[in-house]
Ligand code: URA
């Protein structure tokens, strides 16, 4: 078999056989297929797609390219969750403690920030002392003790995805339904949980910009999960507006704490309750409505916050920061952006990807692979889409430890926000729910 012939086939819109896909993944991981040929294949897949059989074979080949984690030494139902990536998305740290409170085990491996999107592991590391790298046994012990642990991806989890992702990142082949589905589901299958909740983001801050594409991606991922014996549900949620008000690592941890104290922003609280409810549903804790009520109760009664504190402590973090979030170090420089024009009206839209980039410029994300994150950098949004504004109002505040970055970030933020004198239509927070063979639109 020759990779040249497989590229030729895909370029001509032909299907690849299972044997060909397995050959391609194995030989790419071993280094026998060079990046330039794999890059050509990725672009052919980007343009000509893959059918369901091809996607599922590729996902399995990628999952089996490294360790398949065996979680059987952890008692009870294990539920995993994955977001396709967004700006201000800190839901994992809210919902994992909620479901753990009800005895559902969360043994989760999370990613770091990617492009304009933030990553849970970076956010967690904003908590002083907290570790996200543990041996497998230590990871299992924490889950058995507290019901929950969130760590970074181990070196040998789906190495095919690691290599392919890095190549896609530099060859403009990220936004492809078969490639995203295989990337996400290979990691989820290898990570070993019984059930998987997928949060598929849609809108200007997401990799999938349209609802149709997001539903199609969700259907493919749900089918892959179910075909591999994992109960899988996907929610399609909004990423046309950042989630919550805070963007940036320690700013987002503070918002997680506010939300678990019952004082979080409405959108973040509502989405978190839906997501946690669906995780509880996957673990057979009741109907979706009953499970959402359970999620609400765990937040209202402070039980979920206690679980977060248990997890932070078990992972070596200083819990005084969770109990007293004002202890988090503040950035040295801040800049309030005001409505300068003589206008009265509404915020019509926000280019959420641009806001994510602005936050990266301030230091909250990496522009190069080895950049060190400034945990206190980021943006607090005082106004969001649909809010009334008038001259002099504070739109948002930028935070950084590098004063020189304020100017560029300010320009990005200003150009990302559009005003209107008409109140814009309300965007739903959740557009659809995808379960095996069913799509429910809201
Ligand atoms: N997240 C992933 O893990 N992979 C993708 O391809 C896109 C988002």
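In our numbering, the protein residues as written are 6 to 447. Beta carbons are placed, not taken as given, at the ideal position from N, Cα and C, and that holds for glycine.
- A Cβ-Cβ separation of about 7 Å places residue 357 in contact with residue 208 under the 8 Å criterion.
- Buried is the label assigned to residue 254, since at least 16 other Cβ atoms lie within 10 Å of its Cβ.
- Per the C-alpha coordinates, the member of 122, 86, 217 positioned closest to residue 153 is 86.
- DSSP places residue 112 in the uninterrupted beta strand (DSSP E) bounded by 111-115.
- Positions of the beta strand (DSSP E) runs, each at least 3 residues long and wholly inside the segment 41-111, are given as 84-88 in order along the chain.
- According to the DSSP assignment, residue 354 belongs to the beta strand (DSSP E) that extends over 349-355.
- Contact annotation: residue 163 and residue 70 have beta-carbon atoms nearer than 9 Å.
- Relative to ligand 1, residue 189 has its C-beta within less than 8 Å of a heavy atom.
- Just so you know, the alpha carbons of residue 327 and residue 156 end up roughly 18 Å apart.
- According to the DSSP secondary-structure assignment, residue 157 is paired through a beta bridge with 115.
- Taking the CA atoms as reference points, residue 412 sits about 30 Å from residue 89.
- Less than 9 Å divides the Cβ of residue 172 from the Cβ of residue 43.
- Between residue 265 and residue 310, the C-beta gap is smaller than 9 Å, which places the two residues in contact.
- Under DSSP, the beta-bridge partners assigned to residue 385 are 251, 402.
- The alpha-carbon separation between residue 178 and residue 366 amounts to approximately 23 Å.
- Here the alpha carbon of residue 320 sits roughly 14 Å from the alpha carbon of residue 98.
- Under the DSSP definition of a beta bridge, residue 424 partners with 352.
- Residue burial annotation: residue 137 is buried, with at least 16 other C-beta atoms found within 10 angstroms of its C-beta.
- In summary, residue 416 is exposed, with fewer than 16 beta-carbon neighbours lying within 10 Å of its beta-carbon over all protein chains present.
- Sequence-distant partners of residue 338 (beyond 5 residues in either direction) whose C-beta falls short of 6 Å from its own C-beta, in its chain, are 405, 408.
- Nearest to residue 19 by alpha-carbon distance, out of 50, 66, 45, is 50.
- A Cβ-Cβ contact shorter than 9 Å links residue 198 with residue 112.
- Relative to ligand 1, even the nearest heavy atom lies 8 Å or more away from the CB of residue 51.
- DSSP places residue 443 within a strand segment (E or B) once states are collapsed to three.
- DSSP places residue 375 outside both helix and strand once states are collapsed to three, so it counts as coil.
- When Cβ pairs closer than 8 Å are counted between the two stretches, the segment 129-145 is seen to touch the segment 246-261, the count reaching three or more.
- If the five residues before and after residue 372 are omitted, its C-beta is found closer than 7 Å to the C-beta atoms of 365, all from its own chain and listed in chain order.
- Less than 9 Å separates the beta-carbon of residue 303 from that of residue 107.
- Note that the C-beta distance between residue 223 and residue 84 is not below 9 Å.
- The Cβ-Cβ distance between residue 267 and residue 305 falls below 9 Å.
- Linking residue 28 to residue 261 through their CA atoms gives a straight-line distance of about 44 Å.
- For residue 233, there is no enclosing alpha helix (DSSP H), as DSSP marks it with neither H nor E.
- Within the model, the alpha-carbon separation for residue 369 versus residue 212 is close to 19 Å.
- Under DSSP, no beta-bridge partner is assigned to residue 10.
- For ligand 1, a non-hydrogen atom lies closer than 8 Å to the CB of residue 192.
- Nearest to residue 389 by C-alpha distance, out of 378, 380, 191, 425, is 425.
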